[in-house]
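Numbering (our numbering), first residue to last: -7 to 52.
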């Protein structure tokens, strides 16, 4: 039974835990790539989208 990750952070965690990928790509690459993706996600979550601004902030 195989389930796809339900979000980016879950996918990054699965990526970090995959030993087969670590053998091919190297642990250093895995760690660096995961850190970049986590930073991108954190930056994305700090931005208020136009939809959020219009529907959540202006219609209170």
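Note that CB positions come from ideal geometry on N, CA and C, so glycine has one too.
- Here the region -3 to 15 makes contact with the region 23 to 41; the two share three or more CB pairs at distances below 8 Å.
- Collapsing the DSSP output to three states places residue -6 in coil.
- By the 16-neighbour rule on beta-carbons within 10 angstroms, residue 22 is buried.
- Boundaries of the alpha helix (DSSP H) harbouring residue 25: 19 to 38, taken from the DSSP string.
- Per DSSP, residue 9 is one residue of the alpha helix (DSSP H) stretching across 0 to 9.
- Between residue 0 and the set -6, 37 and 17, the nearest pair of CA atoms involves 37.
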